[in-house]
Structure formats: structure tokens, C-alpha cells
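K.L.:
Handing you a structure now.
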Amino acid sequence: MQKRADTPLFPDLPAGASAPAPFDAWVTATPGWLSADEADALLAVLQAELPWTVHRIRMFGRWVDSPRLSCWMGDPAASYRYSGQTFVPEPWHPALAALLPRLASACGAPFNSVLANRYRSGADSMGWHSDDERELGAKPIIASLSLGAERRFLMRLKADHGAKAEWRLRHGDLLAMRGDCQREAQHALPKMAAVQSARVNLTFRWVKPISSEVVRR
Ligand SMILES: [Mn+2]
28 MQKRADTPLF PDLPAGASAP APFDAWVTAT PGWLSADEAD ALLAVLQAEL
78 PWTVHRIRMF GRWVDSPRLS CWMGDPAASY RYSGQTFVPE PWHPALAALL
128 PRLASACGAP FNSVLANRYR SGADSMGWHS DDERELGAKP IIASLSLGAE
178 RRFLMRLKAD HGAKAEWRLR HGDLLAMRGD CQREAQHALP KMAAVQSARV
228 NLTFRWVKPI SSEVVRR
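Heads up, the sequence shown is in our numbering, so the first residue is 28 and it goes up one at a time.
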């Protein structure tokens, strides 16, 4: 792959614009996918009603508290097994279940679960990683719906950290990742000291269904 310059980044993706290659093959951004009114209502309901918790995550080989609040929700069949335990998602909040047909139609693929993340302010963040959990399969389609505070979303190639793209994700924006995005690239949500308010990010996924005999809610 051609070596790319470290700059310019992609400071402000206008409506309908696509990312530079090779990221354009993997990422589609749709600014204002939800109207401001819809986004306002959804943000208020989710902040108040989702059972937000601090997840333990593995980063650079260590288990640490995730630097954000999370909630994992979905179909019982979206459960997965890890270290002999079965992890079962929370039942769908109706406001999220109602979005599923629209998301499936926008992305051309169904979703059976959502990892919701709440960044309380610009001090909450997420470091470089890929969404490469085994239960998502080899080429997952992940739909990321942003609500609340505008945040920077960064992507870089695993093989060349200088090859980067950047988006500004705003209230109501949808960003879909597909193809080899998780295999070839990493993404991050950096801290932004000036941001005082919360961002809720909904990442819809398809988890390979496991047998209903294994799953009891
Ligand atoms: Mn991620």
C-alpha cells in the first residue's frame, strides 16, 4: 500500500463527502441521519432509561475499567460465550428496537444487538482498537449512531499508523463500518478537553446467533 502523509487529516467531513482511500471502501458517513428532533428525544430517553455501567475491557493485554459508560442490548440469541460463561444482552429498549428496520434498510444488513456507549464529557474517551471480537465474524457491518456532543472520530491503518482519517461526529449522524475495516484499521475517540456535555454512541452489530438452549434470560 502506498505510504500516506501524516497530514492533512480529515478535519471536517461535509455532508455526503467520503473519506480518503482506503478508508472510503469501508466507511460511510451520513450526517443528520436522524432529524434534530428525533435525536433530541432519543438522547433524553437513553440517558435517563438505559442501565449504564462501567464495563471491564481488555486493553493492551490488561483488564481495565472502560473509560466510558456502556450498555449492551439485543436479542437473546445475540449472546456469546467466553471463558465458559454466557453473556446475555439486556432486552431491547423500545426506542432502540424501533430503529432496527430503518438501520437495516440504511446499511443493507440486519442488526441483532447494540453496544451503547456514553461519554460523559470530553474527558471520557476510547483508545485505538478494532471491533474484532470473534462473535462478530470476519467482516462485520457496524452502524454507529451519534447523539449529543460533537466528537472527533479517528481511524488509522494497522499497517501504517500515519495513514489516517478523521470525522466530526455530530448529533444524529450515522457512520457505518464494513468489509475489512476491523481487520485492516483501528479507530479511536480521543479526549477533547473543551467538551463539557455528554455524547451517546449506539453501535449496532450482528452477533452470530447461538443456540436458544444455551440462552436463558
Ligand atoms: Mn469500537
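Here a beta-carbon is modelled for each residue, glycine too, at the ideal position from N, C-alpha and C.
Using the Cα positions of Trp53 and Leu163, report the straight-line distance between them to the nearest angstrom.
P.N.:
16 Å
K.L.:
Any residue with its Cβ nearer than 7 Å to a heavy atom of ligand 1 should be included. What is that list in chain order?
P.N.:
Met153, His156, Asp158, His214 and Thr230
K.L.:
To test your reading of the DSSP string, which unbroken beta strand (DSSP E) runs of 3 or more residues are found completely within the stretch 135-216?
P.N.:
Annotation: the stretch 135-216 contains the following complete segments of the beta strand (DSSP E) (minimum length 3 residues), in chain order: 140-146, 153-156, 169-175, 178-184, 191-196, 201-204 and 212-216.
K.L.:
State the CB to CB distance for the pair Met100 and Leu123, rounded to an integer number of angstroms; the pair is presumed to be in contact (CB under 8 Å).
P.N.:
6 Å
K.L.:
Taking 7 Å as the cut-off, is the C-beta of Ala122 nearer than that to any heavy atom in ligand 2?
P.N.:
Among the ligands present in this structure, namely ligand 1, ligand 2 is not found.
K.L.:
Classify Ala221: buried if its beta carbon has 16 or more other beta carbons within 10 angstroms, exposed otherwise.
P.N.:
exposed
K.L.:
Identify which residue in Arg178, Pro137 and Glu117 has its Cα closest to the Cα of Arg145.
P.N.:
Arg178
K.L.:
Just list the residues that DSSP pairs Asp92 with in beta bridges.
P.N.:
Arg83
K.L.:
With DSSP collapsed to three states, give me the class of Leu229.
P.N.:
strand
K.L.:
Considering only the alpha carbon of each residue, which of Glu117, Gly88 and Ser157 lies closest to Ser97?
P.N.:
Glu117
K.L.:
With a threshold of 8 Å between beta carbons, is Pro58 in contact with chain B?
P.N.:
In summary, chain B is missing from the structure at hand, where a single protein chain is found.
K.L.:
Going straight from the alpha carbon of Ala46 to that of Ser106, what length do you get?
P.N.:
33 Å
K.L.:
Is the stretch 206-214 in contact with the stretch 229-236, if contact means three or more CB pairs nearer than 8 Å?
P.N.:
no
K.L.:
Mind checking which residues open and close the beta strand (DSSP E) that includes Val54?
P.N.:
Val54 to Thr57
K.L.:
Which of the three DSSP states, helix, strand or coil, is assigned to Gln223?
P.N.:
Three-state result, Gln223: coil.
K.L.:
Hey, how far is the Cα of Glu160 from the Cα of Leu181?
P.N.:
20 Å
K.L.:
Taking just the CA atoms, how far does Ala56 sit from Leu216?
P.N.:
16 Å
K.L.:
Just how far apart, CA to CA, sit Trp79 and His188?
P.N.:
Rounded to the nearest angstrom, the two C-alpha atoms are 33 Å apart.
K.L.:
How close, in whole Å, do the beta carbons of Ala143 and Leu201 come, if the pair is a contact with beta carbons under 8 Å?
P.N.:
At roughly 15 Å, the Cβ-Cβ gap does not stay under 8 Å, so Ala143 and Leu201 are not in contact.
K.L.:
Within this structure, are the beta carbons of Ala212 and Ser152 separated by less than 8 Å?
P.N.:
no
K.L.:
For Pro35, which residues of its own chain have a beta-carbon under 8 Å away from its beta-carbon, when the five flanking residues on both sides are left out?
P.N.:
For Pro35, the predicted model reports a pLDDT of 33, less than 50, meaning its position is unreliable; a value from the coordinates is still stated below. Once the five neighbours on either side are set aside, Pro35 has no close Cβ partner at all.
K.L.:
When you compare only the Cα positions, how much space is there between Trp119 and Asp102?
P.N.:
One C-alpha to the other measures close to 7 Å.
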